[in-house]
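Structure first, then comments.
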Amino acid sequence: MNIEKNYIINENFMYMTGYHDRFGKLCSLVRENNRMFIVDQSPLEILSDSIRSIGFSLKGAIESAKWHLGNIPMCPFIVNPIYKICVFPTKSANNPETIWFNPDHIKRTKGNVNHTIITFSNGFDLKVPCRLSSFNTKLQNAEQLIKLILGKTPSH
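Counting in the numbering used here, the final residue of the sequence shown is number 162, and the numbers go up one at a time with none missing.
Spelled out as structure tokens, the structure:
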């Protein structure tokens with residue numbers, strides 16, 4: 007699998023999660039529409055760099071989202087308003103096992119015991135350890151934020 011030094015989230019970004027390399031360093035496993043690769047940065051470093059690259063800050067993006075949505079747990083936030091990219095976490099932002107999703111690529115969710123199976127726009131399925139109701143609430147919060155801030159209707 008390819009290892010990239012850094013990464014800026016783009017429209018092809020589907021999701022990412024923490025990944026420890028053989029030395030125990032926290033990196034990221036990133037999945038785009040047509041490729042999967044490792045980035046030598048933590049998920050929070052990728053999020054911070056992606057937002058900083060367009061002149062904003064991670065702290066500001068989170069504060070803005072909470073201002074719009076209220077102080078909800080695991081709040082989604084806008085990573086790139088130009089490309090209308092929002093992300094939301096499955097767990098606390100500081101948990102290395104958190105999976106960060108781009109709602110734009112999620113086409114369908116279905117429950118499987120205490121897991122959710124997510125079908126993406128490219129047909130790829132991913133099973134995550136999160137109840138369907140909990141996952142769908144996070145997805146709806148992200149879609150609501152996109153509408154509130156960007157006035158965009160989700161593509162699915």
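Ideal Cβ positions, reconstructed from N, Cα and C, are used throughout, including at glycine.
(Q) Using the Cβ count rule (16 or more neighbours within 10 Å means buried), how would you classify serine 56? (A) Answer is buried; the Cβ neighbour count reaches 16.
Q. Which whole runs of the alpha helix (DSSP H) in the stretch 25-89 are 4 residues long or more, in chain order?
A. You should have 49-58, 64-75.
**Q.** Residue environment, valine 119, which counts as buried when at least 16 other CB atoms sit within 10 Å
**A.** Per the 10 Å Cβ criterion, exposed.
Q) Taking the DSSP output, what are the residues bridged to tyrosine 239? A) Any question about residue 239 goes unanswered here, given that the chain covers just 7 to 162.
Q | Residue(s) in a DSSP beta bridge with cysteine 92 | A | In DSSP, cysteine 92 forms a bridge with Ile84.
Q: Using a threshold of 8 Å, state whether the C-beta atoms of aspartate 46 and isoleucine 14 are closer than that.
A: Against a cut-off of 8 Å, the Cβ pair of isoleucine 14 and aspartate 46 comes out as no contact.
Q) So, do the stretch 99-112 and the stretch 16-32 have three or more beta carbon pairs nearer to each other than 8 Å? A) Contact holds: three or more Cβ-Cβ distances are below 8 Å.
Q: Work out the CA separation of phenylalanine 83 and threonine 96 for me, nearest whole Å.
A: Between the alpha carbons of threonine 96 and phenylalanine 83 lies a gap of roughly 13 Å.
Q. Hey, out of Lys113, Phe19, Cys33, whose CA is closest to asparagine 40's CA?
A. Looking at Lys113, Phe19, Cys33, the one whose alpha-carbon comes closest to that of asparagine 40 is Phe19.
**Q.** asparagine 128 - DSSP class collapsed to helix/strand/coil
**A.** Shown here, asparagine 128 sits in coil according to DSSP, grouped into three states, outside any helix or strand.
**Q.** Rounded separation between phenylalanine 62 and isoleucine 112 - CA only
**A.** One C-alpha to the other measures close to 26 Å.
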